[in-house]
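Student: Take this structure, written in structure tokens, and hold onto it; I'll ask about it next.
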Amino acid sequence: MTNPLRCLGEMLATFVGRALGGAFFLLGKARGRKALHSRGEVVEGLIGRAGAVGWTGVPWLDDAGANHVAVRLSRSLGLPAPRPDILGMALRIPTQPGQFGDVLLATTGTGLLGRYVLLPTRRHGLRAYTSLFPHKTLAGPLLLAAIPTAGSPRQYELAYARPTGPWRPFGTLEVTQTTYRGHDLDLPFDPVLNVVPGLETYHWAAQLRRFSYAASRRAREHGTGQPTSQ
Numbered sequence: 002m003t004n005p006l007r008c009l010g011e012m013l014a015t016f017v018g019r020a021l022g023g024a025f026f027l028l029g030k031a032r033g034r035k036a037l038h039s040r041g042e043v044v045e046g047l048i049g050r051a052g053a054v055g056w057t058g059v060p061w062l063d064d065a066g067a068n069h070v071a072v073r074l075s076r077s078l079g080l081p082a083p084r085p086d087i088l089g090m091a092l093r094i095p096t097q098p099g100q101f102g103d104v105l106l107a108t109t110g111t112g113l114l115g116r117y118v119l120l121p122t123r124r125h126g127l128r129a130y131t132s133l134f135p136h137k138t139l140a141g142p143l144l145l146a147a148i149p150t151a152g153s154p155r156q157y158e159l160a161y162a163r164p165t166g167p168w169r170p171f172g173t174l175e176v177t178q179t180t181y182r183g184h185d186l187d188l189p190f191d192p193v194l195n196v197v198p199g200l201e202t203y204h205w206a207a208q209l210r211r212f213s214y215a216a217s218r219r220a221r222e223h224g225t226g227q228p229t230s231q
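The sequence shown finishes on residue 231 if you use my numbering, and the numbering steps up by one all the way, no holes.
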């Protein structure tokens, strides 16, 4: 029998997602562009993975290796710098030849409660980015984080944690200088559709994201008259 609390939670997530979607559509329509993460730049990054401390069931976390990734650094509400904004970091990670998975992170705290609170900051590299919502894995719910390292605004420690557990490092991300720097490419980041194997999205989290992002895209299409992938 279906857990009634689970059903209630999914219904609530759908209701909140639809409400946020309506708000983001109106905001995007007024601006004539996406309501969320409309300002940003795409750069290249190099991820070096030493492997997780302890088993997670996610090969990308458990196994050592390296990935050349696309990194989109964005401002969530699109406020012009240097005004504080909730900043985003999106990673496009190759998984198989011709295939990839997406990971979305945003500026939050790192404490037991702070990791679930979006926090504004003035520029990238000053505050930690986390997934905010846990991913569904064989080892249970896991959060991901990219934490700036001291002395280098372009290098981050990659870590994972259980919802109330300590952060455990598994690798590093170095943002590299490329010809893309200063340019924003139209890449359709979507962790629900583009899954890193083993890092699934809980249904309630997918519902919260689905309506918000779809409404933001519709607002941009309405403003430009052209379809968009994100």
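Where a beta carbon is used, it is the ideal one built from N, C-alpha and C, also for glycine.
Go to L62, then tell me how far its alpha helix (DSSP H) extends in each direction, as first and last residue.
Tutor: Counting along the chain, the alpha helix (DSSP H) containing L62 begins and ends at 60 to 63.
Student: Along the beta strand (DSSP E) that carries I148, what are the first and last residues, could you check?
Tutor: 141 to 150
Student: For a minimum of 3 consecutive residues, which ranges assigned as the beta strand (DSSP E) are wholly contained in the segment 90 to 167?
Tutor: Runs of the beta strand (DSSP E) inside the segment 90 to 167: 100 to 108, 136 to 138, 141 to 150, 153 to 162.
Student: Check each candidate in A71, L139, G110, P85 and name the one with the smallest Cα separation from A146.
Tutor: G110
Student: For the beta strand (DSSP E) holding F171, just list the boundary residues, first then last.
Tutor: For F171, the enclosing beta strand (DSSP E) begins and ends at 169 to 177.
Student: State whether the segment 191 to 206 contacts the segment 65 to 75, with contact taken as three or more CB pairs (one from each stretch) at a distance under 8 Å.
Tutor: no
Student: Closer than 8 Å by C-beta to V41: which residues in its own chain qualify, once you throw out the five before and the five after it? Chain order, please.
Tutor: The sequence as given places Gly at residue 41; Val does not occur at that position. Here the set comprises R73, L74, S75, R76, G89, D185.
Student: Less than 8 Å between the C-beta atoms of T165 and L92, yes or no?
Tutor: no
Student: Taking C-alpha atoms, which residue in T177, H204, V59 lies nearest to E45?
Tutor: T177
Student: Looking only at C-alpha atoms, which of P81, P60, H136, A107 sits nearest to P95?
Tutor: P60
Student: Using three-state DSSP, classify G29 as helix, strand or coil.
Tutor: With a pLDDT of 44 at G29, under the threshold of 50, the modelled position of this residue cannot be trusted, and the question is left open.
Student: Could you pull the start and end residues of the beta strand (DSSP E) that L74 belongs to?
Tutor: The continuous beta strand (DSSP E) containing L74 extends over residues 66 to 76.
Student: Check this for me: beta carbons of T122 and P154, under 8 Å apart or not?
Tutor: No.
Student: Can you find the residues in the same chain that come closer than 7 Å, C-beta to C-beta, to R128, ignoring five residues on each side of it along the sequence?
Tutor: T108, L120, T122
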